[in-house]
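J.: Chains as they are written, first to last, in my numbering: chain A, 715 to 1311; chain B, 202 to 475.
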C-alpha cells in the first residue's frame, strides 16, 4: 500500500520519526540495527512495539505475540507516555484507528500515519500533506554540456533527464482532476496521465500515451515554448516553478527511441483514397501520420533535397539533432508514407494537377520568405537573412566546410537583429562557428524577447551579448562593400500595442554604431508566393497568408486544406502540428462520408 | 537520383554539356527557367539555367563552365552517372512574344542559356539577330545551333581568333545605329558584359532584358541570398527573376555579392584536389 501512496518520495534510506507531543525521536540505533520503538497497549497489558525505519520494509516486532487482525488498544510515546493515536484520521485500507508520528520530509515535519491493526500494512500521508510535500520537490534541471565546452561543438546542449530525475520531476505533478495544462497544449496531450505513467516507471507506456496525440514528442519536447503553453497553466507553477512537462516529454520520447521500443502503429484498412501533403515540416508530418494511420495513401512533397522543413533547415543541430528528425521521418516511411523530395509544388506540379491524382491536398509549406527592414546597406556583402545563414549551417552543413562544399559565412564580430528563437539560433551558431563576439540587437526589452526562456538563458551562458532597446537604421559598408558597422538608434517602450507588448519608440538623436563584420537579419518571415503564382484561385488574407475555415482548415479550393505558418504567419512547431491535426480530422470526416470513387 | 544520359565536352573540356533524365522537369520547364542541382551528399546546391529540353524524352540539357569545386566534380562524371538532386523548374520563364526584331546577345557560357530563349523567340516568329562572343575560337559554343535559329548571326572573339575581334558590344552598337526596328535586346553573359550592353542600349532607349546569376541556395525564395537591387527595390532573383529589366539592375552590387565567397571557393577546390 505504501508504494502507491508515497512512491515519489523514493526513500530507500531510513526515515526519522518524532513524537507529535514531545518531539523526541522514536528512532533507536543499537550497533548495526536501526529501529523505531513505541510503547503499545494490547489486551490491557503494556507491550513494546518495534518497527523497521525503512519505509519500504514493513517489519513489526512485539514483546508479546499479537494475533493477526487484532487492533492495538493504544500506542504511546516511550518518552512522554502520551498516546499518539489520532482519532480524526482512519486507516486508508481497513478503517481502523491510526497512530500519528511526525516525519522529517524535505526539511519539514509532517504527520505520518500507521494503522494499528495487525496484518494491515497501511501507512502513509493524508492527501493534503502529500500535496504539500510534492510542492517541496524543486523543479529538476536537465544536466547540460558545460558552457565552455559547448561553444566549440555542435552537439546538443542539454543531455536530457535521467530516469531518476524524471521520477523526481514526475513526482511533482499533482494529478489535478481538472488539468489546466492539457488546455494549454495545442494538441491536447493527456499530460497528467503520461506523467503518472512516468511516476510508475512505465516510461514506454508514457511515450505511447503522448503519441496518441502527438506524433513528434522528441521534437516537441525540445522546441515547444512550454512556458507559454502547458507549463504556463500548471497549478504547481502558481506557487513554485511549474512541472517540467516538456523535459518529461523529451525524456520518455528519447527513452522509447534509445531503447528501440518504437513500434509502427496499426494502420487501418486501406481506404483506397490518397492524400497529397505539400511540405514535410511539422504541419505536414502530422497530417501525413494521422491520415496514414486511418488507412489513406499519403505522399509528401518536399521542395528541398532533405525532409523535415524548418526542423531540418532552420533549427540547429545543437538544439535539435538531425538524427532525431530523420528518425521521426523514417517512422512515417515505415508507416507507409511516400516522400518525394526535390518537388517544388507550383512550378513542377500545380495544385490542380495534384487534385487530379489525390482526393485531398494539404498545404503546409511554412512561411519561408525572409523579411528585411529595407534600410540602407542591407544588400552589402556579409549581411544575411537568418534563413540563409541557418540553411547554410544546418541543411548544407557549412560548418563542416570544406568537407561539405557550401561555404560558411565568416565573421569575428557578429550582429544578429531580432529577439526570437531564430535570432538565438543564429547567434549561438555564430558563436560555435568561432566568432569572438556575438551581439543580439533587439528593439524591445528583455521582458518582450519572444524566444523561449531556455534559449535566452543558454545564449546568455554562452556569452552572447544582448543590446536591448536598440534598432538598426543603417548598415555601413567598407570600401569593398562588406559590412563594417551597423548604425542603431536607442528605443524606449511606450504603450502596449495590439499584440499586448509595449511598443518601442525611437529616441531622437540617440544614434550610435555597433561594429561588426557579419550581420544576420532575423526579424521574421513572410509567406512565400511560389505556390500561389500557379494557384490564382487560392484565397489569401491581407497579409498574403492562406485564408482557411478555422474549423476545418479547408481553403477556398474544395478539398485543399492548409495549416501551420502559411496560415498563421511564423509561429511554433506545436501550433503547426495542432493545425495539421484539425485539417486531418476534417479531411477524414469529409472523405469517409463520401462514397468511394 | 537523376541520370546523365549524355555528356559532351565543348571548348576543350572547359565547358561541358549534360543531358539529364528528369521527365517531370522536362515536361514543365520553359526558356529562361533554371534548375538547382546537388551532385552528391556533401555537395553544394548550384543553380544552372536550362539550355534545352526534350519533353517527350524527358531530358533537360545544362551547359556549364568549369570554374570551381562543384563544376570540376561535375566534369569528372560521365554518361550513365547519377546526380543526387535536381530540383526545378525554378524562376520565372522568359516572357516571349512576337515583337518584331530582337537582338540576342550572349557571352561565354551565357550562350547556352541564350540559345534556349533565342529558340523560343525564333519559334514565336521574331526576326532574331544573334551576337555571340567568346574569349577565343576554342571557347565558342553552340555556333551551329545558334545559326539554325538566328536570321543573322555575328560572332566575336576577344583575341580575334575567329569572327570579329572585340567584345559583343561592338557589333551591337553598329546594329543599334543602323537598324531602327530593333524592339528588344536580350543579354546573357558575364556581369560586366551585361552592364556594358545596358549602358549602350539605354542610350538608344531600347528595352533590354538580362538574366542574372547571383549566389543561391534553395532557389525557392527562402534564403534571400540571391537578392538584387532592381531600381529602388530589392528583388529575389530566384522567384522574381532571373530575368530583369537590364536598365534598372545594380550591377556593381551584384558583382560584389557574387564575390563574397571567392576565397572559400578556392579553398574548397584546393581541399578537393588534396
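Every residue gets a Cβ at the ideal spot worked out from N, C-alpha and C, and that includes glycine.
Of the choices A:917, A:1009, A:960, whose alpha-carbon is the least far from that of residue 980 of chain A?
T.: For the residues A:917, A:1009, A:960, the minimum Cα distance to residue 980 of chain A belongs to A:1009.
J.: Under 7 angstroms Cβ-Cβ, which residues of chain A neighbour residue 462 of chain B?
T.: Chain A residues near residue 462 of chain B: 1121.
J.: Hey, which unbroken runs of the alpha helix (DSSP H) at 4 residues or more fall wholly within the segment 973-1058 of chain A?
T.: 996-1007, 1024-1027, 1036-1049, all fully within the segment 973-1058 of chain A.
J.: Give the straight-line distance between the Cα atoms of residue 216 of chain B and residue 1235 of chain A, rounded to the nearest whole angstrom.
T.: Distance between the alpha carbons of residue 216 of chain B and residue 1235 of chain A is about 37 angstroms.
J.: Does residue 1241 of chain A pass the burial test, meaning 16 or more other C-beta atoms within 10 Å, or should it be called exposed?
T.: So residue 1241 of chain A ends up on the buried side.
J.: What separation, rounded to the nearest whole angstrom, lies between the Cα atoms of residue 732 of chain A and residue 1033 of chain A?
T.: Roughly 49 angstroms separates the two Cα atoms.
J.: Output, in chain order, the set of chain B residues within a Cβ distance shorter than 9 angstroms of residue 1058 of chain A.
T.: Within 9 angstroms Cβ-Cβ: 288, 289, 290, 291, 420, 421.
J.: Run through chain B and tell me which residues come within less than 8 angstroms of residue 1143 of chain A, C-beta to C-beta.
T.: Per Cβ cutoff of 8 angstroms: no residues; residue 1143 of chain A is ~15 angstroms from chain B at best.
J.: So, does the CB of residue 1110 of chain A fall closer than 8 angstroms to a CB anywhere in chain B?
T.: Output row for residue 1110 of chain A: interface = yes.
J.: Can the beta-carbon of residue 351 of chain B be found less than 8 angstroms from the beta-carbon of residue 319 of chain B?
T.: It is a contact, given that the beta carbons lie within the stated cut-off.
J.: Flag residue 719 of chain A as yes if its beta-carbon sits less than 8 angstroms from any beta-carbon of chain B, otherwise no.
T.: For residue 719 of chain A, the predicted structure reports a pLDDT of 38, less than 50, and the residue's modelled location is therefore unreliable. A value from the coordinates is still provided. For residue 719 of chain A, the answer is no, since every Cβ of chain B falls outside 8 angstroms of its Cβ.
J.: Just the C-alpha distance for residue 249 of chain B and residue 917 of chain A, rounded to the nearest angstrom, thanks.
T.: Roughly 51 angstroms between the two C-alpha positions.
J.: For residue 1202 of chain A, list the residues DSSP reports as bridge partners.
T.: Partner(s): A:1186, A:1226.
J.: Name, please, each residue of chain B whose Cβ falls closer than 8 angstroms to the Cβ of residue 907 of chain A.
T.: Under the 8 angstroms cutoff, chain B gives no residues; its nearest Cβ is about 40 angstroms from residue 907 of chain A.
J.: Taking CB distances under 8 angstroms as the criterion, tell me whether residue 472 of chain B reaches chain A.
T.: Closer than 8 angstroms to some Cβ of chain A, the Cβ of residue 472 of chain B qualifies, so yes.
J.: Against chain B, does residue 1026 of chain A count as a neighbour if the rule is that its beta carbon must be under 8 angstroms from one of theirs?
T.: Judged by the 8 angstroms Cβ criterion, residue 1026 of chain A is not in contact with chain B.
J.: Can you find the residues in the same chain that come closer than 8 angstroms, C-beta to C-beta, to residue 1210 of chain A, ignoring five residues on each side of it along the sequence?
T.: Only 1216, 1217 meet the Cβ criterion.
J.: Rounded to whole angstroms, how far is the Cβ of residue 931 of chain A from the Cβ of residue 883 of chain A, which I believe are closer than 8 angstroms?
T.: Contact doesn't hold; Cβ gap of about 16 angstroms is too wide.
J.: Name the DSSP bridge partner or partners of residue 829 of chain A?
T.: Paired residues: A:812.
J.: Counting only runs that start and end within the segment 845-886 of chain A, where is the alpha helix (DSSP H) found for 4 or more residues in a row?
T.: Complete alpha helix (DSSP H) runs here, min 4: 861-864, 877-884.
J.: Using 8 angstroms for Cβ pairs, my map puts residue 798 of chain A next to residue 776 of chain A. What's the rounded Cβ distance?
T.: That belief does not hold up - the Cβ atoms of residue 798 of chain A and residue 776 of chain A are roughly 16 angstroms apart, past 8 angstroms.
J.: Could you spell out the range, first to last residue, of the beta strand (DSSP E) harbouring residue 207 of chain B?
T.: Taken as a continuous stretch (DSSP letters only), the beta strand (DSSP E) holding residue 207 of chain B covers 203-211.
J.: Starting from residue 453 of chain B, trace the alpha helix (DSSP H) in both directions and tell me its first and last residue.
T.: Taken as a continuous stretch (DSSP letters only), the alpha helix (DSSP H) holding residue 453 of chain B covers 452-459.
J.: Within the same chain, show all residues whose beta-carbon is closer than 8 angstroms to that of residue 1057 of chain A, passing over the 5 residues directly before and after it, in chain order.
T.: The residues are 1015, 1016, 1017, 1063.
J.: Locate the beta strand (DSSP E) running through residue 330 of chain B, then write down its first and last residues.
T.: Run containing residue 330 of chain B: 328-335, per the beta strand (DSSP E) assignment.
J.: Alpha helix (DSSP H) containing residue 274 of chain B: first to last residue?
T.: It spans 270-276 - the alpha helix (DSSP H) in which residue 274 of chain B sits, taken as one unbroken run.
J.: Can you give me, in chain order, the residues of the segment 1265-1294 of chain A that have a beta carbon less than 8 angstroms from any beta carbon in chain B?
T.: Residues: none.
J.: When you compare only the Cα positions, how much space is there between residue 410 of chain B and residue 866 of chain A?
T.: Cα to Cα, the separation comes out at about 48 angstroms.
J.: Looking at the strands, I want to know which residues DSSP matches up with residue 443 of chain B.
T.: Answer is none; residue 443 of chain B lacks a bridge partner.
J.: Three or more beta-carbon pairs under 8 angstroms between the segment 234-251 of chain B and the segment 325-344 of chain B, yes or no?
T.: No, they do not touch.
J.: Checking 8 angstroms against the spacing of the C-beta atoms, do residue 965 of chain A and residue 1027 of chain A come in under that value?
T.: In this structure, residue 1027 of chain A does not lie closer than 8 angstroms to residue 965 of chain A by Cβ.
J.: Can you say whether residue 299 of chain B is buried or exposed, counting buried as having 16 or more other CB atoms within 10 angstroms of its CB?
T.: By the 10 Å Cβ count, residue 299 of chain B comes out exposed.
J.: Run through DSSP, which three-state label would residue 924 of chain A get?
T.: Reduced to three states, the DSSP call for residue 924 of chain A is helix.
J.: Cβ of residue 424 of chain B less than 8 angstroms from any chain A Cβ?
T.: Cβ-Cβ to chain A under 8 angstroms: yes for residue 424 of chain B.
J.: How far does the alpha helix (DSSP H) with residue 468 of chain B in it reach, from first residue to last?
T.: 463-474 is the span of the alpha helix (DSSP H), which, as asked, contains residue 468 of chain B.
J.: Who are the near neighbours of residue 890 of chain A in its chain, counting only those whose CB is closer than 6 angstroms to its CB and skipping five residues on each side?
T.: Within the same chain, residue 890 of chain A has close Cβ partners 949.
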